[in-house]
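Those protein sequence lines, which keep their order, are chains A and B.
Each number in this note's numbering corresponds to the 1-based position in the first sequence with 9 added.
Each number in this note's numbering corresponds to the 1-based position in the second sequence with 1 added.
Even for Gly, the Cβ is constructed at its ideal location relative to N, Cα and C.
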Amino acid sequence: MRSVIAYMLAFLGILSLEAVAQHGHHGHEKKALKSEEIHADHSLYHLDSEFIDHRNEPLKLSNFKGEPVIVVLFYGNCTQVCPILIQDTWRLFSSLDESTQTKTKVLAVSFDTENDTPETLKEYAEYEQLDLPEWYFITGKHTDIKMLATMLGVKYQQTGDGHFAHSNLVTVLDTEGKIAKRVEGLNQPMNEAATVIEAMLKNL
Amino acid sequence: MKPCNVVFLIIVLGISCSTYALSTDTLTVKVLGIAEDARFEPAVLQVQPGDVIRFKVVEGLHTVTAYHPDNRRPMRIPDKTQSFNSGMLTAGQTWFLTLDKIGVYDYFCLPHERMGHAGRIISGSETTIPTYDDTLIPELVLKTINEAQKSFLNQNQKK
Numbered sequence: 010m011r012s013v014i015a016y017m018l019a020f021l022g023i024l025s026l027e028a029v030a031q032h033g034h035h036g037h038e039k040k041a042l043k044s045e046e047i048h049a050d051h052s053l054y055h056l057d058s059e060f061i062d063h064r065n066e067p068l069k070l071s072n073f074k075g076e077p078v079i080v081v082l083f084y085g086n087c088t089q090v091c092p093i094l095i096q097d098t099w100r101l102f103s104s105l106d107e108s109t110q111t112k113t114k115v116l117a118v119s120f121d122t123e124n125d126t127p128e129t130l131k132e133y134a135e136y137e138q139l140d141l142p143e144w145y146f147i148t149g150k151h152t153d154i155k156m157l158a159t160m161l162g163v164k165y166q167q168t169g170d171g172h173f174a175h176s177n178l179v180t181v182l183d184t185e186g187k188i189a190k191r192v193e194g195l196n197q198p199m200n201e202a203a204t205v206i207e208a209m210l211k212n213l
Numbered sequence: 002m003k004p005c006n007v008v009f010l011i012i013v014l015g016i017s018c019s020t021y022a023l024s025t026d027t028l029t030v031k032v033l034g035i036a037e038d039a040r041f042e043p044a045v046l047q048v049q050p051g052d053v054i055r056f057k058v059v060e061g062l063h064t065v066t067a068y069h070p071d072n073r074r075p076m077r078i079p080d081k082t083q084s085f086n087s088g089m090l091t092a093g094q095t096w097f098l099t100l101d102k103i104g105v106y107d108y109f110c111l112p113h114e115r116m117g118h119a120g121r122i123i124s125g126s127e128t129t130i131p132t133y134d135d136t137l138i139p140e141l142v143l144k145t146i147n148e149a150q151k152s153f154l155n156q157n158q159k160k
């Protein structure tokens with residue numbers, strides 16, 4: 010009887026080790042954090058903080074008043090979803106006709122304030138072939154980025170291995186800095202967001 | 002036309018259609034690895050135009066993305082060929098690609114390109130590689146593709 014119990018315990022032990030191994034194996038895949046509710050009536054341009062772009066130029070969000078703006082939060086060292094999120098943002102931007110593109114701005118804001126310096130972001134922009142006049146890769150003080158993320162409903166948190174878990178969200182701001190459209194998730198269709206931008210410019 | 006001729010024609014058409022269907026093949030590229038070890042296996046695959054290529058993601062999170070200006074990369078697929086991009090694929094997912102035009106198609110994985118996660122499909126029997134633009138292509142990608150191409154040619158010579 011004792012040997013039967015010992016075998017059973019050993020079997021259960023192996024099962025639990027297997028479960029740990031599987032958990033560890035999949036642990037590198039950061040689960041996306043679902044975005045939070047936002048107040049669509051609040052303008053992001055009330056955020057008076059100063060940020061800095063990949064051209065080493067200081068800027069405030071209110072600089073973009075009067076133009077449709079696409080905002081995406083990401084971090085440069087991401088080897089999982091951020092390159093796809095940036096590609097999704099590019100899909101939206103490139104789906105606009107040329108004249109609309111020139112009147113639209115894209116803010117790619119990094120929440121890795123420690124590693125993503127303006128120089129690093131410049132390299133990133135060049136590597137991704139997105140060092141375009143309409144694109145701004147932005148960093149800033151941690152508290153300011155956190156505030157901006159909160160206003161956008163984007164959640165992010167460090168995972169302790171130099172990476173972040175975060176929401177996957179592309180946001181369109183209207184000419185007053187209010188949230189006009191949110192596209193959550195990766196590989197989403199961007200036609201509705203493009204229509205929102207086009208309609209915005211028609212009404213100007 | 003006599004009814005027997007119509008029947009004959011239908012049979013002939015049926016045979017040619019089924020022969021055509023049988024002439025295409027489905028080949029698999031496994032997508033493996035999670036970071037520095039991310040890789041396509043085989044990294045160089047030869048197919049015939051019309052063959053179906055099945056990308057099967059075994060682990061990790063990847064994309065199958067053409068070197069094409071639509072994806073903000075230099076053109077490394079045949080001229081006037083449509084770009085492709087699988088979007089995000091996770092473990093267990095499969096994505097299919099069919100290339101109808103003869104030529105050499107280089108592709109990469111968006112999250113792991115800097116780590117050399119790239120591959121090549123040769124559509125058709127020709128194994129001569131065109132001179133593609135190497136600017137802005139990460140060194141590790143060129144290394145992966147060049148080494149896989151060499152090994153592919155060596156294996157072909159042995160056959």
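Distance from A149 of chain B to V45 of chain B at the Cβ level is roughly 4 angstroms; contact confirmed, criterion being Cβ atoms closer than 8 angstroms.
The shortest C-alpha to C-alpha distance from I138 of chain B to any of A:Q138, A:E143, A:Y145 is the one to A:Q138.
Those residues of the segment 134-159 of chain A placed with their C-beta closer than 8 angstroms to a C-beta in chain B are Y136, E137, Q138, L139, ordered along the chain. By the neighbour-count criterion, in which a residue is buried when 16 or more other Cβ atoms sit within 10 angstroms of its Cβ, H63 of chain B is buried.
The three-state secondary structure of D101 of chain B, taken from DSSP, is coil. With respect to chain A, the C-beta atom of M89 of chain B has a partner C-beta closer than 8 angstroms.
Here L53 of chain A is buried, its C-beta having at least 16 other C-beta atoms within 10 Å. Between G162 of chain A and E46 of chain A, the CB-CB gap stays under 8 angstroms. Apart from the 5 residues on each side of it in sequence, K144 of chain B sits with its Cβ closer than 8 angstroms to the Cβ of G117 in its chain, given in chain order.
Against chain A, the CB of L62 of chain B has a partner CB under 8 angstroms away; the residue lies at that interface. Residues of chain B whose Cβ lies closer than 9 angstroms to the Cβ of Q167 of chain A do not exist; the shortest such Cβ separation is about 18 angstroms.
A contact is defined here as three or more CB-CB pairs under 8 angstroms, and the segment 144-163 of chain A meets this definition with respect to the segment 57-73 of chain A. Inside the segment 172-201 of chain A, DSSP marks no whole alpha helix (DSSP H) run of 4 or more residues. Contact between T82 of chain B and K57 of chain B does not hold, since their C-beta atoms are separated by about 23 angstroms, which reaches or exceeds 8 angstroms. By the rule that beta-carbons nearer than 8 angstroms mark a contact, P43 of chain B does not touch chain A.
For T95 of chain B and E66 of chain A, the gap between their C-alpha atoms comes out near 44 angstroms. Contact residues of the segment 140-151 of chain B toward chain A are absent (C-beta to C-beta distance below 8 angstroms). When beta bridges are read from the DSSP output, Y165 of chain A appears opposite A:H175. In the structure shown, E76 of chain A falls within a coil segment according to DSSP collapsed to helix, strand and coil. Apart from the 5 residues on each side of it in sequence, T99 of chain B sits with its Cβ closer than 8 angstroms to the Cβ of G51, D52, V53, I54 in its chain, given in chain order. Per the Cβ contact rule, the segment 141-152 of chain A is not in contact with the segment 186-193 of chain A (fewer than 3 Cβ pairs under 8 angstroms). The continuous beta strand (DSSP E) containing V30 of chain B extends over residues 27-33.
Shown in chain order are the members of the segment 101-122 of chain A whose Cβ falls below 9 angstroms from a Cβ of chain B: S103. Going by beta carbons, S104 of chain A and M199 of chain A fall inside the 8 angstroms limit. Using a Cβ-Cβ cut-off of 8 angstroms, A119 of chain B does not count as an interface residue toward chain A, since no Cβ of chain A sits closer than that to its own.
DSSP places F153 of chain B in the helix class (H, G or I) of the three-state scheme. Shown here for D135 of chain B: same chain residues with a beta carbon closer than 7 angstroms to its own, the five before and five after excluded, namely L143 in chain order.
With respect to chain A, the C-beta atom of L98 of chain B has no partner C-beta closer than 8 angstroms.
Here T25 of chain B is exposed: its Cβ has fewer than 16 other Cβ atoms, across all protein chains shown, within 10 Å.
Around M76 of chain B, the same chain offers Y68, H69, P70, Y133, D134 as residues with beta carbons nearer than 8 angstroms, after the five sequence neighbours per side are excluded. Listed along the chain, the chain A residues whose CB falls inside 8 angstroms of the CB of H113 of chain B are T88. For the options A:F73, A:R64, A:F102, A:K74, the alpha carbon positioned closest to that of N72 of chain B is the one of A:F102.
The criterion of a C-beta distance shorter than 8 angstroms is not satisfied by S124 of chain B and V30 of chain B. Boundaries of the alpha helix (DSSP H) around I93 of chain A: 91-104. Remark: C-beta atoms of V179 of chain A and V205 of chain A do not approach each other more closely than 8 angstroms. Within the same chain, A67, H69, D71, N72 come within 7 angstroms of S84 of chain B by CB-CB distance, once the 5 residues on both sides are set aside.
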